[in-house]
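What follows is a single structure, written as C-alpha cells, with notes after it.
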Amino acid sequence: MSNVNFDTKQFETMMFGPARAFAALSVDFTEKLVNAQLDAAKSYTDTNLAQLRSLMEVKDAEGLKSYMEGQQKVATELTERLKADTDKVVALQQDFAKDSQKLTEENVQKAQEGIKEATETATKAVKEAAPKAAKTA
Numbered sequence: 001m002s003n004v005n006f007d008t009k010q011f012e013t014m015m016f017g018p019a020r021a022f023a024a025l026s027v028d029f030t031e032k033l034v035n036a037q038l039d040a041a042k043s044y045t046d047t048n049l050a051q052l053r054s055l056m057e058v059k060d061a062e063g064l065k066s067y068m069e070g071q072q073k074v075a076t077e078l079t080e081r082l083k084a085d086t087d088k089v090v091a092l093q094q095d096f097a098k099d100s101q102k103l104t105e106e107n108v109q110k111a112q113e114g115i116k117e118a119t120e121t122a123t124k125a126v127k128e129a130a131p132k133a134a135k136t137a
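Just so you know, we're using the UniProt record's numbering here: the sequence shown kicks off at 1 and counts up by one.
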C-alpha cells in the first residue's frame, strides 16, 4: 500500500475556495435583485392603492375629470419608475457578470500557478529519487 500525501491546501485553493467565492457573489447578487424587486413591487402597489382611493372619492363629473387628468401624471411617473427599475436591474446584472469574470480569471490564474508549483515539486522529487533508485538497482 502506497503512502499518498493528500494536500488539502491545494484542494481548498483550486476547488472549495473558488466555489465559496462564487456562491457568495451569487447570494449577494440574488439579495440585491430580490430587494430591488420588492422595492418596485411596493412602489407600484402603493401607487395603485392611492389611485383606487382617489377613484373612490369621485362624486361628480368634475371629480371624474380631475381624476382622469391626474391619471396622465401617474402614468408618466410609473413609466419613469419602470425605466429606473429596469436600469437598476441591468446595472446589477452587469456588475454580477463583471465580478464573475474577474473571479474566474483570478481562479484560472491560481490554478495555473498551482499546476506549475505541483509540476516543479514532482520534477524535483523525480530528480531526487532517480539517483537513489539507481543505487539500489
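No residue lacks a Cβ here, since even glycine has one placed at the ideal position from N, Cα and C. The model shown is predicted, which means the values in this text are computed figures rather than measured ones.
Check: Backbone secondary structure at V74 - three-state DSSP; Outcome: helix
Check: Residue of M56, F29, E80 minimising C-alpha distance to residue 182; Outcome: The structure shown has nothing for residue 182, since the chain only spans 1 to 137.
Check: V27, enclosing alpha helix (DSSP H) - first and last residue; Outcome: 17-56
Check: Beta-carbon spacing of T45, E77 below 9 Å; Outcome: no
Check: Candidates K83, Q94, Q51, of which the one nearest Q72 by Cα; Outcome: Q51
Check: Rounded straight-line distance, which links the Cα of K9 to that of T119; Outcome: 16 Å
Check: Cβ contact check for the segment 104-118 and the segment 52-70: 3 or more pairs under 8 Å; Outcome: no
Check: Sub-9 Å separation of A36 and L82 beta-carbons; Outcome: no
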